[in-house]
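Note sheet for the following structure.
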Amino acid sequence: RFEEDTEPLYVPEEEDEPEERTPYVEEEEIDEAVEDDEVQSIVISPAVTVADDDLCTITITEKFKDDWGDIGFVVNITNKSDKDLTFYAPSGKTNVNGTMKDPWFSAHLMPGTNATEEFTFSSGELDSLDDLVNTTIGIDAYLTDSYEDVASYSATIA
């Protein structure tokens, strides 16, 4: 319902035109943003084992903050099976210090291969590496060809 005492919406006048930027300025701004953030890495020793069974081995070896401000964990995965598997972070299975989070993580591994991947939280979800404490993560796996779920793992990183 519209009330009479609300302020009218701003309607730009014709002389209000958006400021034009050259690509050089945009690149310069991006470079400055990258230079302002400091890349950080802290080794987790001993590494945290998320899974070690006939299907796979998954370990968390470090936590990091990248040059874009994203914070997360380095995950090492070995696919011990004879099938193509995709590992991912399912919704609703990760929390940081008691607060639910939606991380970014997905890795496709062919049979008998390994990979090092990043399990990340979007910039702004966490302010620093110091905030990445008492973290419980979930990593599930499915058959890449059929999307059939084959495993669900979780681990807590202090």
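Numbering-wise (my numbering), the sequence shown opens with residue 3 and increments by one. Even for Gly, the Cβ is constructed at its ideal location relative to N, Cα and C. Treat the numbers as computed from the prediction; the structure is a model and nothing was measured.
Residue 142 sits away from residue 105, with the two beta carbons spaced by 9 Å or more.
Note that the region 153–160 does not touch the region 108–127; fewer than 3 beta-carbon pairs, one per stretch, sit closer than 8 Å.
Per DSSP, reduced to three states, the secondary structure at residue 131 is helical.
In the displayed model, residue 85 falls within coil according to three-state DSSP, outside both helix and strand.
The residues 137, in chain order, have a CB closer than 6 Å to that of residue 98 in the same chain once the five nearest residues on each side in sequence are set aside. The beta carbon of residue 81 lies closer than 8 Å to those of 57, 58, 87, 111, 112, 113, 114, 115 and 116 in the same chain, with the five residues before and after it left out. By the Cβ neighbour-count rule, residue 44 is exposed, with fewer than 16 other Cβ atoms within 10 Å of its own. Look at residue 57 here: in three-state DSSP terms it is coil, with no helix or strand label.
In terms of CA proximity to residue 107, 72 leads the group 41, 132, 72 and 100.
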